[in-house]
């Protein structure tokens, strides 16, 4: 079974049962679903900003059990620095969060499934799967 890395927006759509998740079903079916630790952090920030209660946070934690959160290591950090520098060099700055997600995909040699492909354009070696 092959693995794909999901961007935060895809995990969010799945969690909220947003209809936009449906257009990605074919890309996710029979695949191992991985996420970057940055995605986990972004989702918990989302919950904190919206002042979710314990029950809803518990539901998020339960949802996250469906994914493999890939660890950050020295190679991931090196990829992150390269992504940030290369995007800056071509006049396309990338947020630290998106750089961590791209770096994770590159480090683990996984295609990235996202609904925001513009956030990940012109990153050498990164395969992006999108329906946007």
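In the numbering used here, the protein residues as written are 55 to 186.
Ideal Cβ placement from N, Cα and C applies to all residues, glycine included.
Expressed to the nearest angstrom, what Euclidean distance is found between the alpha-carbon atoms of residue i and residue j?
| i | j | result |
| --- | --- | --- |
| residue 126 | residue 175 | 22 Å |
| residue 179 | residue 94 | 24 Å |
| residue 103 | residue 68 | 20 Å |
| residue 63 | residue 108 | 22 Å |
| residue 105 | residue 181 | 35 Å |
| residue 119 | residue 141 | 32 Å |
| residue 59 | residue 112 | 23 Å |
| residue 3 | residue 168 | Since the displayed the chain opens at 55 and closes at 186, residue 3 lies outside it and no answer follows. |
| residue 81 | residue 183 | 8 Å |
| residue 75 | residue 153 | 23 Å |
| residue 88 | residue 146 | 26 Å |
From what residue to what residue does the beta strand (DSSP E) around residue i run?
| i | result |
| --- | --- |
| residue 89 | 86 to 90 |
| residue 75 | Note, residue 75: premise wrong, no beta strand (DSSP E); not H, not E. |
Is residue i helix, strand or coil by DSSP?
| i | result |
| --- | --- |
| residue 168 | coil |
| residue 118 | helix |
| residue 158 | helix |
| residue 57 | strand |
| residue 82 | helix |
| residue 183 | strand |
| residue 146 | coil |
Between which two residues does the alpha helix (DSSP H) harbouring residue i extend?
| i | result |
| --- | --- |
| residue 139 | 128 to 143 |
Who are the near neighbours of residue i in its chain, counting only those whose CB is closer than 7 Å to its CB and skipping five residues on each side?
| i | result |
| --- | --- |
| residue 130 | 157, 158 and 161 |
| residue 133 | 157, 160 and 161 |
| residue 123 | 89, 91 and 94 |
Grab me the residues of residue i's own chain with a C-beta within less than 8 Å of its C-beta, minus the 5 sequence neighbours each way, in chain order.
| i | result |
| --- | --- |
| residue 274 | Outside the displayed span of the chain (55 to 186) sits residue 274, for which this structure offers no information. |
For the ligand ATP, I want to know if residue i counts as a neighbour, meaning its beta carbon is within less than 7 Å of at least one of the ligand's heavy atoms.
| i | result |
| --- | --- |
| residue 93 | The ligand ATP is absent from the structure shown, which contains no ligands of any kind. |
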